[in-house]
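Chemist:
In the numbering used here, the protein residues as written are 1467 to 2164.
Rendered as structure tokens:
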């Protein structure tokens, strides 16, 4: 049987060796990784969503390379490869590690520190990259014609188009600048209301405690445009079910004392005689200042957690055939022979530049070293070295399996649709069952289970991003071993900043401290939906203390929507998150739908031409997507900057003194002030629409 891959001609032939793995490319990529990693942390904590960073970084690399750095296309590829690791690491960290804060009686809070987050991020990221080394030839090369890796292919188109000419970064910079100014007006000067809200009173006879709100930020508008109308509509549908159906219904039939008792059970209230908590409980009147917020915390979040769990499982079940075929095909006899042949050729320096991977021995030695570190590092929880050894074995086994699965799945459907959360849930369940089998139950072992899930989540997310990067490199003619080395560097550098960003954002502002909240993560400011879900699942499996009635209601809600052909996981995330998060995201998706409807004939012609010309402009390179990417980056980075400045009390007070909200409130009234914010957001959406209608300059 022939081992030759399909005929492929890279943009840069193997016979040429332009500058590639250079110091300026690595440093530039690391800087982008830090910036987009911090932005992803902020966005993921607030909305439970992330946006692929590879294409934006490639666009920015082209711009900087042409004007300042004089980089080659292969150096630009190294820049985006190094930088893209930041987004992957941040997603994996934020989706799982905040769960330490929500374990039983704070049993994991001590592990939510910078050094533990850093350690788990680096180890998980290295596993994701390390185990992709032997898979590159079988998945990227041999199946070049069958696994499209959409983001990787689009990113290659960006790099090639940039090499041929064209000003792609200008639009992204414009979006970033506009988002930063908007965020300054909103988060510092408070000219623009942060969360305009309409709510009915609890005493309303027909529709009590219904609430419509929108956190009208530029990053949410950009995210909605990027993910499109369909997904954003499903997300907002979940929010509508929660805030305009379930909450008014529960507000009509559940007494205030019962809601308060549930909040006390969950730890939000000390007792029914104590004022405060979510919704502002008043023990003298036996009522809440905001009944909708109280019901959301008491019931909806648990229903949402059950829905997300079921949605993740159903997503995983649907991909089981792909998982089985992926694992079988990736490690078929021919693939293993190809890996061995590649290794032998690489060692004798006879293989072409574009086919040189790092040695397979590095994978074996690296896996052993990583396992040893898990056993001996104090940051890894465990009551004995045997428990830590069990953690190490589970991480290596699950990591090997799910890295393979994640790579093949993103090759088919893209990184944005990869069921990483489902794989993490499966890991947590499998780990919990193993622990139960060894008699390791109770809250003391909850952090250990979360450690396994966290590292696998980071590894799977990074494996997906690594696969897309390697696909890009294969198309443009990069040297694989240099990309793999750049990814290792990107993982380590990004982890340093991701952990710090998480801890900075977790620091409570004086307002939160006044409410008795010691962690900003988990509050309404940063809900961290996936982290809460992971902790809820672990507690239910090891400690058996879940309110199963609410979890099961959520699970069957997800099942119903899956039956009618709606993405259960996306709907469940919308059910869990506040409507104020999903509504502005839907606004961005609506703008995208309007743009696509008006440009449908032109888009059809462009897609047809792309099949013939790799250098043509892909959908991801349209002005709308570039401007939306700038909105996401600018808004998120401004949010991180404000959060960083707010850590210091004197700076926080100085920023608070700049607010114009009281003045505008006196002039316009509360409703007028909120209307002004809504109009500002509508204006930003109009700008996005007009930019998206323009054609990209050649």
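We put the beta carbon where it would ideally sit given N, CA and C, even for glycine.
1. Does the beta-carbon of residue 2134 have 16 or more other beta-carbons within 10 angstroms, so that it is buried, or is it exposed?
2. When we look at the beta-carbon of residue 1470 and count the other beta-carbons within 10 Å, is it buried (16 or more) or exposed?
3. For residue 1647, does the count of other Cβ atoms within 10 angstroms reach 16, so buried, or fall short, so exposed?
4. Going by the beta-carbon positions, is the gap between residue 2098 and residue 1558 smaller than 7 angstroms?
5. Quick one: grab the DSSP three-state call for residue 2159.
6. Whose C-beta lies closer than 8 angstroms to the C-beta of residue 2022 among residues of the same chain, with five residues either side of it excluded?
7. If we ignore side chains and look at the alpha-carbon of each, how far apart do residue 1641 and residue 2047 end up?
8. Which whole-angstrom value describes the C-beta separation of residue 1637 and residue 2093, a residue pair presumed to lie in contact below a C-beta threshold of 8 angstroms?
9. Look at residue 2038 and residue 1758 and say whether their C-beta atoms are less than 7 angstroms apart.
10. In or out: residue 1842 buried (at least 16 other Cβ within 10 Å) or exposed?
11. One question on the structure: do residue 1945 and residue 1768 come within less than 7 angstroms of each other, judged by their Cβ atoms?
12. For residue 2137, is the classification buried or exposed, using 16 other Cβ atoms within 10 angstroms of its Cβ as the cut-off for buried?
13. If contact is defined by three or more beta carbon pairs under 8 angstroms, each pair taking one atom from either stretch, is the stretch 1559-1571 in contact with the stretch 1656-1675?
14. List the whole-angstrom C-beta distance separating residue 1928 from residue 1554, where the pair is believed to meet the contact cut-off of C-beta under 8 angstroms.
15. When you compare the CB positions of residue 1948 and residue 1606, do they come within less than 7 angstroms of one another, or not?
16. Taking 8 angstroms as the cut-off, does the stretch 1577-1590 touch the stretch 1955-1972 (at least 3 CB pairs, one atom from each stretch)?
17. For the beta strand (DSSP E) that contains residue 1664, what are its first and last residues?
18. Can at least three beta-carbon pairs, one atom from the stretch 1618-1628 and one from the stretch 1530-1546, be found at a separation below 8 angstroms?
19. Could you name each continuous alpha helix (DSSP H) segment of 4 residues or more that falls completely within the stretch 1973-2059, going from the start of the chain to the end?
20. Suppose you measure from the CA of residue 1736 to the CA of residue 2000; what does that come to, to the nearest Å?
21. Is the CB-CB distance between residue 1595 and residue 1906 below 7 angstroms?
22. Which two residues bound the contiguous alpha helix (DSSP H) that contains residue 1678?
23. Helix, strand or coil for residue 1536? Go by DSSP, reduced to three states.
24. In angstroms, rounded to a whole number, what distance separates the CA positions of residue 2029 and residue 1829?
25. Beta carbon of residue 2174, beta carbon of residue 1730: below 7 angstroms?
26. DSSP beta-bridge partners for residue 1747?
27. Whole angstroms is fine: what's the gap from residue 1589's alpha carbon to residue 1890's?
28. So, with DSSP's three-state summary, where would you put residue 1811?
29. Of the choices 2065, 2036 and 2062, whose alpha-carbon is the least far from that of residue 2051?
30. State the start and end residues of the unbroken alpha helix (DSSP H) segment that holds residue 1581.
31. In this structure, how does DSSP classify residue 1920 when only helix, strand and coil are distinguished?
32. Identify, in the order they occur along the chain, each residue of the same chain with its Cβ nearer than 6 angstroms to the Cβ of residue 1814, setting aside the five sequence neighbours on each side.
33. For residue 1670, which three-state DSSP category applies?
34. Give the straight-line distance between the Cα atoms of residue 2061 and residue 2151, rounded to the nearest whole angstrom.
35. Between which two residues does the alpha helix (DSSP H) harbouring residue 1685 extend?
36. State the Cα-Cα distance for the pair residue 1955 and residue 1496, rounded to the nearest angstrom.
Modeler: Quick look at the numbers:
1. exposed
2. Caution is warranted here: a pLDDT of 48 is assigned to residue 1470, below 50, making its placement in the model unreliable, and no coordinate value can be reported.
3. exposed
4. no
5. helix
6. 1776
7. 20 angstroms
8. 5 angstroms
9. no
10. exposed
11. no
12. exposed
13. no
14. 4 angstroms
15. no
16. yes
17. 1663-1665
18. yes
19. 1976-1980, 1995-2008, 2014-2029 and 2034-2042
20. 25 angstroms
21. no
22. Residue 1678 -> not in any alpha helix (DSSP H); beta strand (DSSP E) instead, spanning 1677-1679.
23. coil
24. 42 angstroms
25. Because the chain in this structure spans residues 1467 to 2164, residue 2174 falls outside the shown range and cannot be described.
26. 1742 and 1754
27. 16 angstroms
28. For residue 1811, the pLDDT reaches just 48, beneath the cut-off of 50, and the residue's location in the model is therefore unreliable, although a value from the coordinates is still provided. Correct three-state label for residue 1811: helix.
29. 2036
30. 1580-1596
31. helix
32. Reliability fails at residue 1814, whose pLDDT of 46 lies under 50, so the model's placement of it is uncertain and no value is given.
33. coil
34. 12 angstroms
35. 1684-1707
36. 8 angstroms
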